[in-house]
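Okay, so here's the structure we're looking at.
Residue numbers (our numbering): 6 to 608.
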């Protein structure tokens with residue numbers, strides 16, 4: 006489904022279809038709004054005979070009035086012959102019409118409120134689902150702070166027109182009813198009233214165009230402000246270490262000042278609409294009053310009661326016209342956030358990871374890479390890499406920094422979408438299997454352990470359901486976490502802090518190992534799991550790793566080559582290419598790239 010319309014309404018209805026909301030549902034509040042406007046027009050029309058009756062002190066003329074007289078003839082003769090009863094019927098009808106109009110308006114507001122809130126709720130869910138469906142490449146090339154604004158702020162701002170569309174429709178149809186009443190009272194005065202309304206339209210149009218332009222820039226600055234906030238708050242140790250608090254404050258203040266100025270200009274432009282409306286109302290009323298007295302003469306135009314109603318209708322029509330024009334301002338103000346939201350629904354294929362239809366039953370023989378090449382951000386990371394990882398064996402992947410080791414692991418974890426016919430599981434393309442069935446057989450322990458601001462227990466059990474307590478305790482012992490847990494005042498219920506800030510590096514790694522063990526996956530990926538640790542902690546974690554990989558297919562990226570002495574196969578990468586492959590002794594005897602790395606570390 007591709008976006009074809011360029012109008013704000015077209016984009017809005019396209020968005021509704023993308024989040025599975027039927028635009029037809031909006032018809033219900035609109036129908037209520039139209040009916041309310043129709044009854045309001047009828048009520049205005051009834052004011053004329055009521056006022057005429059007061060001025061003439063008789064309501065007998067009502068029977069001879071077109072349309073109204075036909076309706077009145079349906080009443081019993083006793084009512085038609087009694088002046089007071091006629092007045093009571095007219096006044097009662099007027100009151101009933103306005104009560105009905107108010108009830109219809111209330112139904113319109115309530116149904117519109119339900120529809121708009123439901124739509125915002127659906128949009129947030131679909132946006133979050135959309136983010137979850139993207140591969141790692143999307144987040145590598147964008148900013149998390151911006152996406153936070155899209156989810157929490159722009160998702161509501163983008164749908165603001167829906168909140169007010171019932172008011173717009175009600176005002177629009179009420180305006181039509183008012184002009185109909187005005188034409189029936191005096192088409193001459195109405196011709197005089199139209200030019201100021203046209204002038205109001207042109208003035209508001211000018212404001213709307215400027216508002217639309219400001220909206221896009223304001224959206225961009227708002228996103229930049231949130232990006233800066235998230236960036237600095239998430240790298241606070243760096244800021245503190247280099248004493249850049251004042252520098253970052255100046256940068257933040259500069260962006261905030263720009264956004265504040267844009268917000269102020271936008272609010273000022275929106276505020277212009279109401280005064281313009283009031284000035285136009287004075288001009289319209291003055292023009293009509295002047296025309297009535299000096300051009301036509303009051304008696305040539307309408308009765309006194311009709312003039313009173315006419316002026317009342319003009320005042321209300323000006324107000325309704327202002328609401329219609331104000332809605333155009335809302336549409337303009339929405340343009341920026343709406344564009345930002347629609348960008349997330351852009352079906353750019355490179356951001357998605359291909360999922361197949363076959364179920365992965367489990368590994369039986371091997372994982373094979375054949376001429377695997379991969380690029381991102383216009384940089385080739387892997388070039389024609391080929392090797393085989395056999396079931397039940399430990400395969401180590403080593404190489405200098407930037408050789409493509411982590412990228413290879415990310416492809417095996419399906420964070421990125423690999424080229425077709427490049428990675429095979431038991432001879433079948435990895436892309437042919439569903440992500441759920443494949444990743445159910447894979448667990449990873451990475452250098453950077455990702456933890457949630459939750460209890461230690463929930464972090465270990467993340468992604469798992471109905472795990473028996475005895476299995477959890479067994480895994481804690483195997484991951485060498487038992488002594489640590491026993492020291493905690495709240496045990497497994499202890500909060501680990503944001504991103505596990507309350508835990509040391511070694512403790513985080515053991516949590517990740519426990520999580521992987523509990524998953525019971527047959528393929529275990531260790532991405533530099535013991536790097537940046539002291540020797541005592543490394544020894545403890547290495548013991549847990551050795552126990553974890555027993556009987557599993559292990560793929561290990563190692564920074565410290567001493568940890569892969571017992572690997573069945575070692576694959577050496579350099580500059581994105583496979584340089585060597587073999588056992589530890591074979592590679593040392595070859596005296597190639599691996600031998601150089603080994604000697605450097607030994608030294």
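Even for Gly, the Cβ is constructed at its ideal location relative to N, Cα and C.
Of the residues 204, 47, 406, the one whose Cα lies closest to the Cα of residue 103 is 47. Per DSSP, reduced to three states, the secondary structure at residue 376 is strand. Annotated as proximal: residue 179 and residue 42, with beta-carbon spacing under 7 Å. Annotated three-state conformation of residue 388 is strand, per DSSP. Annotated three-state conformation of residue 557 is coil, per DSSP. Going by beta carbons, residue 581 and residue 386 fall inside the 7 Å limit. If you look at residue 496, you'll find it isn't in any alpha helix (DSSP H); DSSP assigns it neither H nor E. Here residue 38 is near residue 174, since their CB atoms are less than 7 Å apart. If you compare the alpha carbons of 183, 150, 106, 326 with that of residue 203, the shortest gap goes to 326. For residue 168, the enclosing alpha helix (DSSP H) starts and ends at 165 to 190.
Residue pairing for residue 578: DSSP places it in a beta bridge opposite 583. Proximity to residue 195 across 265, 290, 276 peaks at 290, based on C-alpha coordinates. Residue 548 and residue 522 have their C-alpha atoms some 13 Å from each other. Distance from the CA atom of residue 347 to the CA atom of residue 20, rounded to whole angstroms, is 7 Å. Taking a contact as a CB-CB distance under 8 Å, the pair residue 260 and residue 226 counts as one, their CB atoms being some 7 Å apart.
Counting only the Cα atoms, residue 238 lies some 25 Å from residue 161.
Cβ contact annotation for residue 250 (same chain, cutoff 8 Å, sequence separation greater than five): 244, in chain order.
Annotated as distal: residue 216 and residue 415, with beta-carbon spacing of 7 Å or more.
Counting only the Cα atoms, residue 266 lies some 44 Å from residue 407. For residue 13, there is no enclosing beta strand (DSSP E); the residue is found in the alpha helix (DSSP H) stretching over 13 to 23.
The continuous alpha helix (DSSP H) containing residue 99 extends over residues 88 to 138. DSSP lists 371 as the bridge partner or partners of residue 395. For residue 551, the closest of 532, 571, 565 by C-alpha to C-alpha distance is 571. Counting other Cβ atoms within 10 Å of its Cβ, residue 576 reaches 16 or more and is therefore classed as buried. In the DSSP assignment, residue 429 falls within the unbroken beta strand (DSSP E) covering 428 to 430. Residue pairing by DSSP puts residue 433 in a beta bridge opposite 430. In the three-state DSSP reduction, residue 484 falls in the coil class, being neither helix nor strand. Apart from sequence neighbours up to five positions away, the residues of its chain that approach residue 213 with a beta-carbon distance below 6 Å are 333, 334, 337, ordered along the chain. Between the C-alpha atoms of residue 141 and residue 512 there is a straight-line separation of about 26 Å.
The count of Cβ pairs closer than 8 Å, one atom from the region 553 to 570 and one from the region 585 to 604, reaches three, so the stretches are in contact. Distance from the CA of residue 71 to the CA of residue 349, rounded to the nearest whole angstrom, comes to 58 Å. With 16 or more other Cβ atoms inside 10 Å of its own Cβ, residue 443 counts as buried.
Check the Cα spacing between residue 518 and each of 573, 503, 456: the tightest is with 456. A distance below 8 Å between beta-carbons, with the five flanking residues on each side excluded, links residue 493 to the following residues of its chain, in chain order: 461, 499. Judged by pairs of C-beta atoms under 8 Å, the region 378 to 394 touches the region 582 to 596, as three or more such pairs exist. When the alpha-carbon of residue 450 is set against those of 459, 524, 426, 256, the nearest one is in 524.
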